[in-house]
Each structure stands twice: as structure tokens, then as C-alpha cells.
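Numbering (my numbering), first residue to last: 63 to 369.
We put the CB at the ideal spot given by N, CA and C, even for glycine.
Just so it is clear, the structure is predicted and the values come from calculations on it, not from any experiment.
Comments concern the structure below.
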């Protein structure tokens, strides 16, 4: 694959990334503002419209990136879409991400143990587990028909990772941006995709301007931190599935639990998890674990330059 990193200028790359980020947000309002369609009659219709808009913006970003990048072929690996080293791209980053949620996981375990004690343990608990296992198919069917599940665990993670990682990072690195610059620039653009939450908080949920600002501000801060981490995973591994599954896992877990009243073990677990995360951040994302060759790769595979 022939690549000429200098043919994408820095201003052009930044402009393209900003345009994609804005388009990802603004197209959500296309049905009512541009197409003049009546307001959605139900939450399901409202979300389906958003799913379609997100899909359109994602495809448009991929096509645009394919034409802008100085690459002669439409290889999926340019976007981190690969089948080699697939299980490594899923398992190791997911294990790394779970360390941040050590406090949350311990908290859930303690609640499970308390429930086990209340039911008397033994056969009663085994029966409860069997009953839960038997309800799994019904839970899967219920989840598959839940539009919020599709939004949080499929549509949002897939479209956001394709646009804000698979499209933007190759553009920035091929334009000559340093790795750390790309890692911290993408999350800023990533946060733009969540600015529409302010409108929802302020107008749709009747929150005060101050309260809506505080809630959205917290969300934006979290998305910037996660965006930097997801960009790091994408560059280090060269696999889109690495940030994708981390994204899905974080959406499921929510904000990490730092402490629980009367349960010091949760705080200890959180601190141990943070130490483990920092210690294993680079070892668990070594490029050689995800790639057979790191000495002959396209320019955006910036992991070639890591020490």
C-alpha cells in the first residue's frame, strides 16, 4: 500500500476532522430542520431517525476519508478493520479497561453476596441462579427489541468509533501530527458529538440552564478522557475493535464507582485497579502483541514510533 504522508496538510486534516464532527451532530436535526418532517410521534421513531442520520454521516465520513487520505487502495486496515490478531484486540484492551471499574465490579459482587446471604445461600441460591440462566433467552430478546440498548451498545459505539477514531486519527497522523497531539485532539472533537445533550437536558427534560450545563459539562469531561484513551488504544493496537469494545463496556458500566458508604473494600479495589491500569497501560498495548510486522507499515500506524 503506497502512502505519502506529506500530501495531507495539517490545516486540511484539522478542517476535515472538524467538518466530520460537526456533520455527525448537525445531521441529527436534518429530518425536522432540512427535510421539514413533522416531529417524531414516538420515542422509537425519534431514535430510528437518529440511527439513520448517524449511519449516513458515518458512511459519508468513511468515503470522504478514503478520498482525502493519500492511499491508492481502499484497504479496510486503514480504518483499523482487521481480522488478524482479533482476539487480542478485544480481550487485552477489555481487561485493561475493566481495571478502572474494579471498584464498580467489587461493589456489584458485594451486593450479590448480600443477596445470597438474604436468601439463605445453598440450594435457594442455586435455584435462583438456575432461574436466572433460564431467563437469559428472554432477556436477550427483550434487549434486542429495546431501542435504548441499540443506541448505547451498538449504534453509538460503532458510528462514533468509525468517525472519531477510524477516520480522524489516520488523517491527523498522515498529516504529520505527533501521536500525543492526535490522542488529545480527537477527544476534543469527540466531545462535540455530545453537545446536543445540552439541548436535550435544557429543552426536552426541562432542566435549568445551570443544571443542564453542569450535567453536560461532566459528560463532556468524561468523553474527553475516554476519547483520549480510545484514541490511545486505536493507535497502539491498530485495531478498531479495541476502542469499540472498550466503548461498549464503558457505556454499560457508566461512571466508575470510587467508594461506597460502609464498604471500604470498594475504595481499595478502585485504587488497586487504578494502579494496575497505569502499570499495565503500555505492556498490555504493545504493538507486537497485535501485529506481526511493525517495521513496515502505513504512516498512520504511528505505533511504529513508540518506544
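Reduced DSSP secondary structure (H/G/I, E/B, other) of residue i
{"i": "residue 68", "result": "Confidence is the limiting factor: at residue 68 the pLDDT is only 48, short of 50, which leaves the residue's position unreliable and the question unanswerable from this model."}
{"i": "residue 170", "result": "helix"}
{"i": "residue 128", "result": "helix"}
{"i": "residue 164", "result": "helix"}
{"i": "residue 96", "result": "coil"}
{"i": "residue 123", "result": "helix"}
{"i": "residue 208", "result": "coil"}
{"i": "residue 145", "result": "coil"}
{"i": "residue 158", "result": "helix"}
{"i": "residue 300", "result": "coil"}
{"i": "residue 102", "result": "coil"}
Nonlocal neighbours in the same chain, by C-beta distance under 8 Å from residue i, ignoring five residues either side
{"i": "residue 342", "result": "158, 161"}
{"i": "residue 74", "result": "130, 237"}
{"i": "residue 72", "result": "237, 238, 239"}
{"i": "residue 143", "result": "228, 302"}
Sequence-distant residues of its chain with Cβ nearer than 7 Å to residue i (five each side left out)
{"i": "residue 92", "result": "115"}
{"i": "residue 99", "result": "93"}
{"i": "residue 246", "result": "290"}
{"i": "residue 213", "result": "109"}
Contact set for residue i: own chain, Cβ-Cβ below 6 Å, skip 5 residues either direction
{"i": "residue 304", "result": "151, 155, 295"}
{"i": "residue 234", "result": "75, 244"}
{"i": "residue 138", "result": "none"}
{"i": "residue 307", "result": "152, 156"}
{"i": "residue 141", "result": "228"}
Per DSSP, cross-strand counterpart(s) of residue i
{"i": "residue 237", "result": "DSSP lists no partner for residue 237."}
Minimum C-alpha distance to residue i - residue among the options
{"i": "residue 242", "options": "253, 291, 226, 203", "result": "291"}
{"i": "residue 309", "options": "221, 78, 117", "result": "221"}
{"i": "residue 107", "options": "354, 174, 209", "result": "209"}
{"i": "residue 249", "options": "213, 287, 214, 215", "result": "287"}
{"i": "residue 127", "options": "197, 319, 224", "result": "224"}
{"i": "residue 281", "options": "145, 122, 254", "result": "254"}
{"i": "residue 350", "options": "340, 297, 173, 337", "result": "297"}
{"i": "residue 87", "options": "70, 78, 97, 119", "result": "119"}
{"i": "residue 219", "options": "207, 206, 204, 252", "result": "252"}
CB contact check: residue i to chain C, cutoff 8 Å
{"i": "residue 254", "result": "Looking for chain C here will not work: only one protein chain is present."}
* Curious, which full-length alpha helix (DSSP H) runs of at least 4 residues does the stretch 304 to 363 contain? -> Listed in chain order, the complete alpha helix (DSSP H) runs (minimum 4 residues) inside the stretch 304 to 363 are 326 to 342.
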